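Residues 0 to 428 (numbering that gives the first Met the number 0) make up the sequence shown, in order. First up is the structure itself, then whatever we jot down about it.
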Amino acid sequence: MATQRFKQYSVLSMNTFAFTMMFMVWTMFGEIGVPIQEELGLTNTQFGILTSLPILTGSLVRLPLGAWADKYGGRPVFFILMLCVLPAVWLVQFATEYWQLLIIGAFVGLAGGSFSVGISYTAKWFERGKQGLAMGIFGAGNAGAAVTKYLAPTIIVVLSWQAVANIYAAIVAITAILFWFFTYTEPQLKDPNKKAPTLREQVKVLNDPKVWKYCQYYSVVFGGYVGVSLYLTRYYMLEYGVGIQLAALIATIFVLPSGVIRAFGGYLSDRFGAHTVTWVCMWASLVSFFFMSYPPTEYTIQQMGGETLTFTLSMPVWLFTTLLFIVGIAWGIGKASVFKYLSDEYDHNLGLVSGMVGLFGGLGGFLLPPMFGALIDFTGVTTSIWMLCFGFTLVSVVWMWWTERRQPVLTRDVYHQPTVRNEAAGQDN
Numbered sequence: 000m001a002t003q004r005f006k007q008y009s010v011l012s013m014n015t016f017a018f019t020m021m022f023m024v025w026t027m028f029g030e031i032g033v034p035i036q037e038e039l040g041l042t043n044t045q046f047g048i049l050t051s052l053p054i055l056t057g058s059l060v061r062l063p064l065g066a067w068a069d070k071y072g073g074r075p076v077f078f079i080l081m082l083c084v085l086p087a088v089w090l091v092q093f094a095t096e097y098w099q100l101l102i103i104g105a106f107v108g109l110a111g112g113s114f115s116v117g118i119s120y121t122a123k124w125f126e127r128g129k130q131g132l133a134m135g136i137f138g139a140g141n142a143g144a145a146v147t148k149y150l151a152p153t154i155i156v157v158l159s160w161q162a163v164a165n166i167y168a169a170i171v172a173i174t175a176i177l178f179w180f181f182t183y184t185e186p187q188l189k190d191p192n193k194k195a196p197t198l199r200e201q202v203k204v205l206n207d208p209k210v211w212k213y214c215q216y217y218s219v220v221f222g223g224y225v226g227v228s229l230y231l232t233r234y235y236m237l238e239y240g241v242g243i244q245l246a247a248l249i250a251t252i253f254v255l256p257s258g259v260i261r262a263f264g265g266y267l268s269d270r271f272g273a274h275t276v277t278w279v280c281m282w283a284s285l286v287s288f289f290f291m292s293y294p295p296t297e298y299t300i301q302q303m304g305g306e307t308l309t310f311t312l313s314m315p316v317w318l319f320t321t322l323l324f325i326v327g328i329a330w331g332i333g334k335a336s337v338f339k340y341l342s343d344e345y346d347h348n349l350g351l352v353s354g355m356v357g358l359f360g361g362l363g364g365f366l367l368p369p370m371f372g373a374l375i376d377f378t379g380v381t382t383s384i385w386m387l388c389f390g391f392t393l394v395s396v397v398w399m400w401w402t403e404r405r406q407p408v409l410t411r412d413v414y415h416q417p418t419v420r421n422e423a424a425g426q427d428n
């Protein structure tokens, strides 16, 4: 008979692994979309739509999937979701037209809904004081985007882009089997005295204005992460003229640390509070984007005697990648801190609220790639995409200052009151 602690760690480990594989599938079009664009002669805007459509469908299903996870349990919902994604991933290899790829890609995008299921499933296995770390470890499955950047370009060069779909389908099938045999039903669902929340109770929480604020925060730290990850390989190829393998490899300097460090972000959030950690992360990314936004520029100075002096300013690849790394770290930590807000305040409806917040985060990831492509097509300036990122990060900084920072310290401490009350009640935090 497995002990409670063994079940906790088994669920956390398998949950994280399954989410990593699903995230890998969710972002696969960011890599296979490059040869598809060349093969079908797509514009940058069409490329952006192709890579982001799976993000849209994965975002839209997060809300109902999160609600179902609260009601029926994360284990069966997660398992069924993987079985639904499997045939769509396998069919990608047979698509020969742009519209076919869009339709199949929409179904592949269901993989993104695994987040709201898994985050609720993970949190319910741990005490409140450990939920930040546990959810951070689970959220490190975002590193599946980095796995795709390592794996998919190699398969494309050695075999073909169609082979990526075939191999990924096999991975999803194996993951689903392992998940079912190494996970357990949440303790809450076994309690006969604990009633599942009704639909009215679940939806009522969405009237809370703080939920919408957290949606905005997450649209930056997660939506930005997904959107940038999808377009980053293409950006390096356009801006610095490198090949797909090298571009994808450099891009992992942003993608991999941002996914893995989420667990550390959960620890920091447990230690210092969601507000403090999120505030620092927003400012770190805002300052980085300010410098990344500067396009290659030539200055010509008219000298005496009719002669001219020309200066050229541009962002070298090493400096750009360093700033991008800082953004990745900030966003990785921020993804965990935003969900620490939620676990502190919405433990009864965490699946639904996380689905709502995850939906808006995913919508950010959906909107950014086509907006990136449209900006580049319209302006011809590749760094315009970082100007856009600077703008929506600034919105979150201003909103956070207006609703949290400008309030007295005593008012801001409301975000930690649930934990204090639990300690007073003698619960394990």
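We put the CB at the ideal spot given by N, CA and C, even for glycine. The model shown is predicted, which means the values in this text are computed figures rather than measured ones.
**Asked** Does DSSP classify Q161 as helix, strand or coil?
**Response** Helix, per DSSP.
**Prompt:** What separation, rounded to the nearest whole angstrom, lies between the Cα atoms of T309 and T321?
**Reply:** The alpha-carbon atoms of T309 and T321 are separated by roughly 27 Å.
**Request:** From the DSSP output, in three-state form, read off D190 for me.
**Result:** With a pLDDT of only 49 at D190, under the threshold of 50, the placement of this residue in the model should not be trusted; the figure read from the coordinates follows. In the structure shown, D190 adopts coil according to DSSP, grouped into three states.
**Backbone CA spacing between F391 and V286 [nearest angstrom]** = So the two alpha carbons sit approximately 13 Å from each other.
**Item:** Burial state of F5 (16 or more Cβ within 10 Å)
**Value:** Classification for F5: exposed.
**Request:** Look at the alpha carbon of V76 and the alpha carbon of I118, and state the distance between them as a whole number of angstroms.
**Result:** Cα to Cα, the separation comes out at about 12 Å.
**Message:** With a threshold of 8 Å, are at least 3 pairs of Cβ atoms found where one atom belongs to the stretch 6 to 20 and the other to the stretch 94 to 104?
**Reply:** These segments do not touch.
**Prompt:** Is E297 near the ligand SAH, in the sense that its beta carbon is under 7 Å from a heavy atom of that ligand?
**Reply:** Here there are no bound small molecules, and the ligand SAH is not part of this structure.
**Message:** Here's the rule I'm using: 16 or more other beta-carbon atoms within 10 Å means buried, otherwise exposed. How should R270 be labelled?
**Reply:** Classification of R270: exposed, given that the 10 Å Cβ count is below 16.
**Message:** Let me make sure I understand the geometry here. Which of E38, V10, L49, V24 has the alpha-carbon closest to that of P369?
**Reply:** When only C-alpha atoms are compared, the closest one is L49.
**Prompt:** What span of residues does the beta strand (DSSP E) with Q301 cover, start to end?
**Reply:** Membership of Q301 in the beta strand (DSSP E) is indicated by the continuous run 296 to 301.
**Message:** Three or more C-beta pairs under 8 Å: does that hold for the stretch 163 to 181 against the stretch 270 to 280?
**Reply:** Taking 8 Å as the limit for Cβ pairs, the verdict is that the stretch 270 to 280 does not touch the stretch 163 to 181.
**Asked** For the stretch 9 to 68, which segments carrying the alpha helix (DSSP H) assignment without a break, of at least 4 residues, lie completely within its bounds, in sequence order?
**Response** Taking only runs of at least 4 residues, the alpha helix (DSSP H) segments lying wholly in the stretch 9 to 68 are 28 to 39, 43 to 59.
**Request:** Identify, in the order they occur along the chain, each residue of the same chain with its Cβ nearer than 7 Å to the Cβ of P191, setting aside the five sequence neighbours on each side.
**Result:** At P191 the pLDDT is 49, less than 50, meaning the model places this residue with poor confidence; the figure from the coordinates comes in the next sentence. Excluding five sequence positions before and after P191, none of the CB atoms of its chain fall closer than 7 Å to its own CB.
**Message:** Which of the three DSSP states is assigned to L392 in this structure?
**Reply:** Reading the sequence as shown, one finds Thr at residue 392 and not Leu. Look at T392 here: in three-state DSSP terms it is helix.
**Message:** Taking the alpha carbon of T42 as the reference point, which residue from V171, G265, L237 has its own alpha carbon closest?
**Reply:** That would be L237, whose Cα lies nearest to the Cα of T42.
**Request:** With L308 as the anchor, note down where its beta strand (DSSP E) starts and where it stops.
**Result:** For L308, the enclosing beta strand (DSSP E) starts and ends at 307 to 312.
**Prompt:** First and last residue of the alpha helix (DSSP H) that includes A511?
**Reply:** Nothing about residue 511 can be reported from this structure: the residues present for the chain run from 0 to 428 only.
**Asked** Quick one: Cα of Y213 to Cα of T299, how far?
**Response** Roughly 46 Å between the two C-alpha positions.
**Request:** Provide the residue span of the alpha helix (DSSP H) that contains K339, from first to last.
**Result:** Element bounds for K339: 316 to 344.
**Request:** Please state if the CB of P208 and the CB of E30 are separated by a distance shorter than 8 Å.
**Result:** Going by C-beta atoms, E30 is not nearer than 8 Å to P208.
**Item:** Endpoints, alpha helix (DSSP H) assigned at S292
**Value:** From DSSP, S292 is part of no alpha helix (DSSP H); its letter is neither H nor E.
**Request:** Starting from the Cα of I441, find the closest Cα among W317, S268, S292, G226 and give me that residue.
**Result:** Residue 441 is absent from the structure shown; the chain starts at 0 and stops at 428.
**Inter-residue Cα distance where the pair is V156 and F288** = Computed Cα separation, rounded: 33 Å.
**Request:** Over the uninterrupted alpha helix (DSSP H) stretch that includes D269, give me the two end residues.
**Result:** Its alpha helix (DSSP H) spans residues 261 to 271.
**Message:** Can you find the residues in the same chain that come closer than 7 Å, C-beta to C-beta, to F365, ignoring five residues on each side of it along the sequence?
**Reply:** If the five residues before and after F365 are omitted, its C-beta is found closer than 7 Å to the C-beta atoms of S51, I54, L55, S58, all from its own chain and listed in chain order.
**Request:** Go ahead and label F290 buried or exposed: buried means 16 or more other beta carbons lie within 10 angstroms of its beta carbon, across all protein chains shown.
**Result:** Label assigned to F290: exposed.
**Item:** F221 in three-state terms, based on DSSP
**Value:** Note: F221 maps to coil in three-state DSSP.
**Request:** Determine the burial state of A329: buried for a count of at least 16 other Cβ atoms within 10 Å of its Cβ, exposed for fewer.
**Result:** Counting Cβ neighbours within 10 Å, A329 comes out buried, since at least 16 surround it.
**Asked** Alpha carbon to alpha carbon, what distance is there between G363 and G226?
**Response** Roughly 7 Å between the two C-alpha positions.
**Asked** If you count every other CB in all the chains shown that lies within 10 Å of the CB of D69, and 16 or more means buried, which is it?
**Response** Answer is buried; the Cβ neighbour count reaches 16.
**Asked** Given that a residue counts as buried once 16 or more other Cβ atoms are within 10 Å of its Cβ, and exposed if not, what is Y167?
**Response** Buried, by the Cβ-count rule.
**Prompt:** Alpha carbon to alpha carbon, how far is I73 from L82?
**Reply:** This sequence places Gly at residue 73; Ile is not what is there. In this structure, the alpha-carbon of G73 lies about 14 Å from that of L82.
**Prompt:** Does the pairing of the stretch 242 to 251 with the stretch 371 to 389 give three or more beta-carbon distances under 8 Å?
**Reply:** These segments do not touch.
**Test item: CB-CB of G65 and G354 under 8 Å** = Closer than 8 Å, so yes.
**Prompt:** Between Q130 and A139, is the Cβ-Cβ spacing less than 8 Å?
**Reply:** No. Outside cutoff.
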